[in-house]
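Numbering (UniProt numbering), first residue to last: 1 to 159.
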């Protein structure tokens, strides 16, 4: 697997991969601590981080928020089938604008999209379903499934 990955990502060396692996585990790690972990001095480590950011390999940094702790303990996966492709961009823009839809993937085949939606509880989700999801442009069919428990989330990419 590592060999196949390297064929597609030949521009990165083992030090870049080590930096990425560490930052995925702790994005707030100081350059000094990171340099020590990967076996570099601070200046070259810092240059590598900036290059990984500049090239788009590192797309950004963010805090991982526990949904239960902010009152959004209800999670649903919603499969969406559109009536037609004429409203595709309009649908995507509407999804991007809705804050309770936290993830959206366009799929090959049917259904057309998979959405991850958070709500306070079932009653709140029903309101979101009835007033937001059903009203999205060109929706033909919605199929929801409730997430019982997250087993693996925010996975670290195998760099």
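From the three backbone atoms N, C-alpha and C, an ideal C-beta is built for every residue, glycine too.
- Residues 29, 34, 37 and 38 of the same chain have their beta carbon placed closer than 8 angstroms to that of residue 22, with the five preceding and five following residues left out of the count.
- In the three-state reduction of the DSSP assignment, residue 91 falls in the helix class, which pools H, G and I.
- Three or more beta-carbon pairs drawn from the region 119-128 and the region 71-78 are found closer than 8 angstroms, and the two stretches are therefore classed as touching.
- Within the same chain, Cβ atoms closer than 8 angstroms to the Cβ of residue 67 are found at 73, 75 and 118, the five residues on either side in sequence being excluded.
- Looking at 17, 86 and 144, the one whose alpha-carbon comes closest to that of residue 111 is 144.
- For the options 108, 84, 91 and 77, the alpha carbon positioned closest to that of residue 102 is the one of 77.
- Only residues of its own chain outside the window of five on either side were considered, and among them 87, 90, 91 and 94 have a CB closer than 7 angstroms to the CB of residue 137, listed in chain order.
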